[in-house]
Amino acid sequence: MHSEYLTADYIIVGGGSAGCVLANRLSEDPRNKVLLLEAGGEDWNPLIHIPAGYIKTMVNPAVNWMFETEPEPDTGNRPIAFPRGKVLGGSSAINAMLYVRGQTQDYDRWAEAGNPGWSAADVLPYFKKAESCQVDEILNGPSADHRGTDGPLVVNKVQSTYPVLDRLMSAAAGLGYPTTTDYNGPDQEGLGYSQVTQKNGLRFSAKRAYLSPVRRRPNLRVITHAMVTELTFSDPVKVDGVRFTRRGKIMTAKAGREVILAAGAIQSPQILELSGVGQPDRLSGFGIGVKQALSGVGENLADHYISRLSWRLNAPLSLNANARGMGLVREVLRFVLTRKGTLTMPAAIVLGFVKSSSDLPVPDIQYHIANASFSDPAKRIFHDFPGLTIGPCQLRPKSRGTVHITSADPLRAPAISPNFLADEEDQRIHVAGMKIARAIMQSDEMSAVVDHELTPGAEAASDEALLDYARATGVTLYHPVSTCRMGPHPSHGDVVDSSLRVHGIAGLRVVDASIMPDLVSGNTNAPVIMIAEKAADIIRSEAVG
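Here's what the structure looks like:
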């Protein structure tokens with residue numbers, strides 16, 4: 020690098036899902052000079068692109084920030100691994116590739132909370148703009164009008180179906196939990212094979228979808244290994260650039276128009292606090308001068324919490340044998356030759372969205388289901404016998420946590436306190452999800468192929484025992500949101516307005532999962548891409564105006 024001082028019209032901090040979308044869309048106008056700064060490196064690790072490689076990248080510090088939560092009493096006072104992508108593509112380069120939009124009611128609630136332009140009807144065009152759905156069954160079905168066919172992000176169904184999972188969905192239907200062909204349609208309810216961001220049997224991250232095709236645009240510059248440490252200000256209430264470190268050097272970049280934080284729900288609030296934007300008492304305690312008091316920075320953290328129930332099967336209907344020994348050798352060869360097989364599978368082969376009570380208007384429980392099981396879930400070591408796993412989570416938890424810096428040192432990880440299962444309603448619905456999973460597996464249809472329940476095991480017979488198991492073994496589902504919440508009331512904890520501008524500061528926006536007013540009913544990557552698509556339109560229209 021020849022200069023320690025860079026300029027651009029737009030500086031995007033973070034090359035994850037939102038950052039890749041913004042880099043693409045803002046550089047479409049050749050008059051815009053765009054700079055994208057990513058703390059991680061290129062996505063050269065081959066395990067990123069092999070779908071099943073997430074098992075390894077989830078624990079690889081070369082592409083993962085390797086955060087951990089603070090120990091908390093409601094989850095057994097244990098630190099919980101909290102993966103976040105540290106590579107171009109961000110978490111879309113290491114996640115489970117599941118494409119889930121959530122419920123239309125999620126976005127209507129956003130608009131009702133004082134965010135005009137964010138209702139389900141408002142955001143649907145951006146979901147469609149982003150997507151290239153490749154599933155004929157969906158495109159010829161009743162929800163076709165809700166799907167996009169010519170966007171950058173390729174969406175397919177999992178490549179293979181499995182008799183034991185077909186049997187499970189049939190058993191669920193027999194208990195009143197329907198089967199669906201498209202949980203991303205107007206009605207989310209039901210169990211169905213997963214929709215995934217894959218193309219030709221390979222992961223199709225936001226980097227591959229949005230950044231790679233435009234990387235050579237002369238008005239777009241991408242700098243990797245660029246760790247942004249703070250925002251710079253031209254006056255007390257106007258951001259004019261960023262300071263970052265790269266290969267031991269401290270560098271500065273100045274923005275002619277805007278700085279856009281797209282560092283995610285953990286690091287966007289971290290950068291704001293390091294820059295003097297947040298709670299005055301907290302910042303002054305670390306010797307950080309207060310630029311703007313915003314009580315909501317780092318607050319309102321919401322996330323999905325999942326526990327895993329597993330069963331030993333009495334027949335070879337599982338993927339476990341394909342993950343070890345000669346089975347794995349065969350699957351590697353199959354993948355190399357055909358781009359098919361077990362190595363293309365995501366973490367959940369079937370997703371389910373069910374109601375804990377028939378009185379509810381929409382599902383409040385999500386299942387991640389796979390005909391596989393682990394002897395060591397943390398290390399993703401498979402059992403040496405056939406197994407099946409169902410992971411329930413509550414879709415709209417009430418528990419709220421925090422993300423805050425613990426030092427003025429930008430290299431020190433923030434303290435992540437999700438507060439999982441602190442709310443009694445969260446506890447009740449999570450246990451309900453576990454009991455429904457058991458009911459499906461204990462049905463006559465599934466009993467024919469089940470040997471016994473592995474975890475939590477038959478001895479966990481009461482609601483209290485199930486909750487204890489969930490507290491002791493559950494983990495994040497990797498969906499942190501709301502730490503820079505969108506809303507009209509900064510005095511009540513909102514951080515950005517409906518145009519994603521930070522309240523009280525000019526020249527600064529946040530565009531990532533942190534702005535969600537509340538957690539969506541499902542996985543968060545598809546909504547983040549939608550948010551960035553919409554934000555790019557807002558930014559470009561305001562620039563013209």
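With my numbering, letter number 353 in the sequence shown gets 372, and the count goes up by one each step, no holes.
Yeah, the Cβ is synthetic: ideal placement off N, Cα and C, and Gly gets one too.
#1: Please list, in chain order, all residues of the same chain as Thr-94 whose beta carbon is under 6 angstroms from its beta carbon, the five residues on each side excluded.
#2: Can you give me the C-alpha to C-alpha distance between Ile-548 and Ser-481, rounded to a whole angstrom?
#3: Between which residues of its own chain and Pro-135 is the CB-CB distance below 7 angstroms, once the five residues before and five after are set aside?
#4: At the level of alpha carbons, what is the spacing between Asp-470 and Glu-208?
#5: Using a Cβ-Cβ cut-off of 7 angstroms (strictly less than) and excluding sequence neighbours within five positions of Phe-252, which residues of its own chain qualify?
#6: Can Gly-295 and Leu-313 be called in contact, C-beta distance under 7 angstroms?
#7: Label Val-177 either buried or exposed according to how many other C-beta atoms from any shown protein chain fall within 10 Å of its C-beta, with 16 as the threshold for buried.
#8: Do we get a CB-CB distance below 7 angstroms when we pair Leu-527 with the residues of chain C?
#9: Report yes if the CB atom of Leu-302 is closer than 7 angstroms to the CB atom of Val-422, and no otherwise.
#10: Just the C-alpha distance for Thr-17 and Ser-189, rounded to the nearest angstrom, thanks.
#11: Taking the DSSP output, what are the residues bridged to Lys-273?
#12: State the DSSP-derived secondary structure class of Ile-279, mapped to helix, strand or coil.
#13: At the level of alpha carbons, what is the spacing between Ser-510 and Arg-343?
#14: Taking all protein chains shown into account, decide if Gly-306 is buried (16 or more other Cβ within 10 angstroms of its Cβ) or exposed.
#15: Measuring CB to CB, does Ala-284 end up less than 7 angstroms from Val-500?
#16: What does Phe-305 pair with, by DSSP beta-bridge criteria?
#17: Taking buried to mean at least 16 other C-beta atoms within 10 Å of its own C-beta, is Asn-520 buried or exposed?
#18: Does DSSP put Ser-533 in a helix, a strand or coil?
#19: Could you check the C-alpha separation between Met-460 and Val-183 for me, to the nearest Å?
#20: State the DSSP-derived secondary structure class of Pro-411, mapped to helix, strand or coil.
#21: Quick test of your reading: Ile-388 and Ile-409, contact by CB under 8 angstroms. State the CB separation rounded to the nearest angstrom.
#22: Which two residues bound the contiguous alpha helix (DSSP H) that contains Cys-39?
#23: Report yes if the CB atom of Val-53 is closer than 7 angstroms to the CB atom of Val-82, and no otherwise.
#24: Would you call the region 341–361 and the region 85–104 in contact, with 3 or more CB pairs under 8 angstroms?
#25: Looking only at DSSP bridge pairs, what is Asp-395 linked to?
#26: So for Met-549, helix, strand or coil by DSSP?
#27: Which stretch, first to last residue, makes up the beta strand (DSSP E) that contains Ile-388?
Result, derived from the coordinates:
#1: Contacts found: Phe-439, Arg-490.
#2: It is roughly 41 angstroms from the alpha-carbon of Ile-548 to the alpha-carbon of Ser-481.
#3: Ser-517.
#4: Approximately 29 angstroms, taken between the alpha carbons.
#5: Val-258, Asp-259, Lys-310.
#6: Against a cut-off of 7 angstroms, the Cβ pair of Leu-313 and Gly-295 comes out as no contact.
#7: When all chains shown are included, Val-177 counts as buried.
#8: Structure shown: chain C not included; a single protein chain is present.
#9: In terms of Cβ geometry, Leu-302 and Val-422 do not form a close pair [threshold 7 angstroms].
#10: With the chain running from 20 to 564 in the structure shown, residue 17 is simply not present.
#11: Beta-bridge pairing links Lys-273 to Thr-26, Gly-260.
#12: It is a strand residue.
#13: Cα to Cα, the separation comes out at about 55 angstroms.
#14: Counting Cβ neighbours within 10 Å, Gly-306 comes out exposed, since fewer than 16 surround it.
#15: The answer is yes: Cβ separation under 7 angstroms.
#16: Looking at the DSSP assignment, Phe-305 forms no beta bridge with any residue, so it has no partner.
#17: Sequence inspection shows Arg at residue 520; the Asn mentioned does not correspond to that position. Burial is judged here by how many other beta carbons sit within 10 angstroms of a residue's own beta carbon; Arg-520 has at least 16 and is buried.
#18: If DSSP states are grouped into helix, strand and coil, Ser-533 belongs with the helices.
#19: Approximately 11 angstroms, taken between the alpha carbons.
#20: Shown here, Pro-411 sits in a strand according to DSSP, grouped into three states.
#21: Confirmed, about 5 angstroms.
#22: Per DSSP, the continuous alpha helix (DSSP H) segment holding Cys-39 begins and ends at 36–45.
#23: Result no, Cβ atoms of Val-53 and Val-82 do not sit closer than 7 angstroms.
#24: Contact between the region 341–361 and the region 85–104 is absent, because fewer than three Cβ pairs lie under 8 angstroms.
#25: Beta-bridge partners assigned by DSSP to Asp-395: Ile-400.
#26: The three-state reading of DSSP puts Met-549 in helix, counting H, G and I together.
#27: Taken as a continuous stretch (DSSP letters only), the beta strand (DSSP E) holding Ile-388 covers 384–389.
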